[in-house]
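Using the working numbering, the first residue of the first sequence is number 1, and each one after it goes up by one. Let me begin by presenting the structure, written as structure tokens, before commenting on it.
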Amino acid sequence: MKYSQLFSKTLKTAPNATDTVNHRLLVQAGFVRQVMAGVYTYTPLGLRVLNKISQIVREEMDKIGGQEVLMPLMHPSSLWKKSGGWDKVDVLFKLKSRTGKDYALAVSHEETVTTLAREFIHSYKDMPMSIYHIQWKFRDELRSKSGIMRGREFLMKDLYSWHATQADFDVFYAKAKAAYLRVFERLGLTAKVTEASGGAFTEKVSYEFEVLSEAGEANILYCQMCDYCVNVDDIKTYHEGDDCPKCGKDKLRPAKAAEVGNVFDLGQKYTKAFDLTFIDEKGEKKYPIMGCYGIGISRTMGVLVETFHDERGIIWPRGVAPFEVQLVSIGGGSAEVEERAEAVYKELTQAGVEVLFDDRAEVSAGAKLADADLIGCPTRVIVSEKTGMQVEVKKRSEKDSTLMEVNELLKKLQTLKD
RNA sequence: CGGGGUGUGGCUUAGAUGGCUAAAGCGCCGCGUUUGGGACGCGGAGAUCCCCAGUUCGAGUCUGGGCACCCCGACCA
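Shown next as structure tokens:
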């Protein structure tokens with residue numbers, strides 16, 4: 001992609017009315033635009049990141065046997081009346097059709113998915129089964145905030161699983177937790193498995209995946225010697241300074257964190273409410289055990305910016321960057337530099353490298369470098385009169401740059417991929 | 001939903017006590033000079049001053065109502 005052709009452009013002056021780093025940088029660098037409170041448009045640049053996060057999540061869900069589906073945003077009110085959510089869920093958006101019928105916008109998809117599963121799950125042989133989708137959710141928050149970290153509309157991956165026995169559920173639950181940790185590791189984030197309440201979903205303990213962040217809303221207590229972590233807003237048993245209940249080797253420390261994922265043991269709550277039954281080996285009719293597992297895709301994008309940035313801009317981890325390389329030509333007056341940069345662009349692109357090529361001839365070197373830092377692609381490549389037949393390569397996260405041949409650069413990029 | 005704040009070209013803002021053609025920087029268009037950390041000159045386009053009422057000879061400015069956005073809190077399937 002050539003910067004001159006790119007739909008979005010960077011802003012020189014920071015946007016007004018942005019409370020958090022992710023909001024300011026994402027707007028300034030041109031990844032998102034706010035449409036109204038808590039609702040955002042993702043530009044081509046922003047959508048690339050969202051898609052990369054989705055893809056990593058998708059791969060890990062597929063690995064544990066999840067099958068991707070796509071369920072709708074708009075639901076009939078009957079679905080929500082059946083579960084009680086129509087009256088109980090205060091953040092539910094409700095709407096009326098022209099003929100006066102009631103509909104709801106998806107807060108989540110337990111109702112829809114359980115209804116769907118009734119069609120296909122009839123026997124213990126149909127389980128374990130898990131399906132997921134990546135779809136927008138709507139929640140009528142009293143106050144959205146923190147940029148894309150708490151929107152009224154947000155992208156979420158939600159997976160649902162059904163099991164004939166609790167033991168089978170427990171096996172899958174552990175697999176799902178492990179998959180979540182792999183997702184966040186691939187995203188470059190350290191997520192703590194955190195004990196929390198099940199909210200309106202279940203009486204049981206649920207697990208949240210929390211990333212330490214000042215922009216987060218969760219208050220957690222965690223142990224630095226082991227992986228113990230608890231959400232203190234939900235579970236008030238522990239206090240700051242208490243000995244770790246798991247390893248006992250350290251005192252619990254308080255921190256702010258952002259919830260990027262969660263897993264719930266729903267038991268038979270929804271299978272009973274929607275009368276989803278199966279026949280077991282003995283011919284007896286039973287309700288499956290159900291689990292649900294969410295990852296906030298758009299929130300995670302915000303958390304990534306909160307986690308990876310400096311005073312100049314965003315520093316995207318390799319796996320989620322909109323482009324792997326930002327190629328900058330300096331000395332735009334020179335036809336020779338232009339030609340060489342164009343050739344490097346072609347060579348990298350043809351080798352399968354995703355390149356954002358700042359081909360603007362009339363823009364000063366300083367402006368281009370500042371924009372490259374702001375947008376935050378992991379690798380910056382400069383072609384100028386100084387670089388001769390080589391290119392200057394610098395990591396966004398590092399200070400020093402190196403001159404090298406394009407071939408060397410390609411080899412290096414390949415190594416990073418593996 | 002309670003409290004506080006803000007609404008002026010695409011963006012960031014200035015416009016005391018009401019007054020003449022609404023100002024600047026950035027961005028945009030044209031011409032020229034520039035090109036290793038946000039260059040410069042000259043010329044130009046672009047504004048229903050959030051909306052609706054009202055007060056007044058006269059409203060971006062005052063009054064009332066509404067809407068939107070932001071912050072703090074509450075809420076957060």
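The beta-carbon is built from N, C-alpha and C at its ideal position, and this holds for glycine as well.
### Message
Determine whether the beta carbon atoms of V211 and V320 lie at a separation below 8 Å.
### Response
In the first sequence, residue 211 corresponds to position 211, counting from 1. In the first sequence, residue 320 corresponds to position 320, counting from 1. For V211 and V320, no; Cβs fall outside 8 Å.
### Query
Under the rule that 16 or more other beta-carbon atoms within 10 Å means buried, what is D358, buried or exposed?
To locate residue 358, count along the first sequence from 1; it is residue 358. Using a 10 angstroms sphere on the CB of D358, the tally of other CB atoms reaches 16 or more, which defines it as buried.
### Message
Please state the DSSP three-state secondary structure of G313.
### Response
For the purposes of this step, residue 313 is taken as residue 313 along the first sequence, with counting starting at 1. Taken through DSSP and simplified to helix, strand or coil, G313 comes out as strand.
### Query
When the Cα atoms are used, what is the spatial distance from A191 to A179?
Here the question's residue 191 lines up with position 191 in the first sequence. Here the question's residue 179 lines up with position 179 in the first sequence. Each residue's alpha carbon lies about 12 Å from the other.
### Message
Taking the alpha helix (DSSP H) that N407 belongs to, which residues open and close that run?
### Response
Here residue 407 refers to the residue found at position 407 of the first sequence. In this chain, the alpha helix (DSSP H) harbouring N407 covers V406 to K417.
### Message
Rounded to whole angstroms, what is the Cα-Cα separation between F209 and V344?
### Response
Mapped onto the first sequence, residue 209 falls at position 209. Mapped onto the first sequence, residue 344 falls at position 344. The alpha-carbon atoms of F209 and V344 are separated by roughly 42 Å.
### Message
Quick check: what's the CA-CA separation for L189 versus R299?
### Response
Within the first sequence, residue 189 is the residue found at index 189, counting from 1. Within the first sequence, residue 299 is the residue found at index 299, counting from 1. Between L189 and R299, the C-alpha separation is close to 13 Å.
### Task
Assign A196 to buried or exposed, taking buried as 16 or more other Cβ atoms, counted over all protein chains shown, within 10 Å of its Cβ.
Stepping through the first sequence from its first residue, residue 196 is reached at position 196. The residue is buried, with at least 16 neighbouring Cβ atoms inside 10 Å.
### Query
Hey, which unbroken runs of the beta strand (DSSP E) at 3 residues or more fall wholly within the region 203–227?
Entirely contained in the region 203–227, the beta strand (DSSP E) runs reaching 3 residues are, in chain order, 206–212 and 218–222.
### Nearest neighbour of A176, chosen from K137, T165, S130 and W136 [CA to CA]
Sequence index remark: in the first sequence, residue 176 carries index 176 (1-based). Considering only alpha carbons, the answer is S130.
### Query
Considering only residues of the region 350–401, which uninterrupted beta strand (DSSP E) runs meet the minimum length of 3 residues and lie entirely inside it, listed in chain order?
Within the region 350–401, the complete beta strand (DSSP E) runs of at least 3 residues are 355–358, 379–383 and 391–395.
### Message
In chain order, what are the residue ranges of uninterrupted alpha helix (DSSP H) at least 4 long that sit wholly in the region 259–325?
### Response
Secondary structure within the region 259–325: the alpha helix (DSSP H) runs of 4 or more consecutive residues, fully enclosed, are 269–273 and 297–307 (chain order).
### Query
Is the CB-CB distance between K157 and G294 below 8 Å?
Numbered from 1 along the first sequence, position 157 holds the residue referred to as residue 157. Numbered from 1 along the first sequence, position 294 holds the residue referred to as residue 294. Yes, the Cβ-Cβ distance between K157 and G294 is below 8 Å.
### Task
Give me the Cα-Cα distance between G151 and K137, rounded to the nearest whole angstrom.
Indexing the first sequence from 1 puts residue 151 at position 151. Indexing the first sequence from 1 puts residue 137 at position 137. Computed Cα separation, rounded: 9 Å.
### Query
So what does D243 bridge to, in DSSP terms?
Position 243 of the first sequence holds residue 243. D243 is bridged to K251.
### Message
Considering only the alpha carbon of each residue, which of D371, Y132 and E392 lies closest to T13?
### Response
Counting from 1 along the first sequence, the entry for residue 13 is found at position 13. The shortest C-alpha separation from T13 is found at D371.
#### Entry: Nearest to I53 (by Cα), restricted to the options R118, E385 and V260
Along the first sequence, read from residue 1 onward, the residue named residue 53 stands at position 53. Nearest option by C-alpha distance: V260.
### Task
Kindly give me the distance between the Cβ atoms of H309 and V39, rounded to whole angstroms, as I take these residues to be in contact under 8 Å.
As a working note, residue 309 is residue 309 in the first sequence. As a working note, residue 39 is residue 39 in the first sequence. With a contact defined as Cβ atoms closer than 8 Å, H309 and V39 miss out at about 23 Å.
### Length of the line joining the Cα atoms of Y42 and N231
For the purposes of this step, residue 42 is identified with residue 42 of the first sequence, where counting begins at 1. For the purposes of this step, residue 231 is identified with residue 231 of the first sequence, where counting begins at 1. Approximately 31 Å, taken between the alpha carbons.
### Task
Can you grab the Cα-Cα spacing for the pair R253 / C223, in whole Å?
By one-based count along the first sequence, residue 253 stands at place 253. By one-based count along the first sequence, residue 223 stands at place 223. A direct Cα-Cα distance of roughly 6 Å separates R253 from C223.
### Query
Start and end of the beta strand (DSSP E) containing Y42?
Here residue 42 is taken as the residue at index 42 of the first sequence, counted from 1. Element bounds for Y42: V39 to Y42.
### Query
To the nearest angstrom, how far is it from the Cα of S206 to the Cα of R58?
By one-based count along the first sequence, residue 206 stands at place 206. By one-based count along the first sequence, residue 58 stands at place 58. Rounded to whole angstroms, S206 to R58 spans 22 Å at the Cα level.
#### Entry: Cα-Cα separation between T237 and G216, rounded to whole angstroms
Start at 1 with the first residue of the first sequence, and residue 237 comes out as number 237. Start at 1 with the first residue of the first sequence, and residue 216 comes out as number 216. Going from the Cα of T237 to the Cα of G216 covers about 22 Å.
### Message
For a test of the three-state rule: what should DSSP assign to K177, helix, strand or coil?
### Response
Taking the first residue of the first sequence as 1, we reach residue 177 at position 177. If DSSP states are grouped into helix, strand and coil, K177 belongs with the helices.
### Query
Straight-line CA distance for E385 to I330?
Translated into positions along the first sequence, residue 385 becomes position 385. Translated into positions along the first sequence, residue 330 becomes position 330. One C-alpha to the other measures close to 8 Å.
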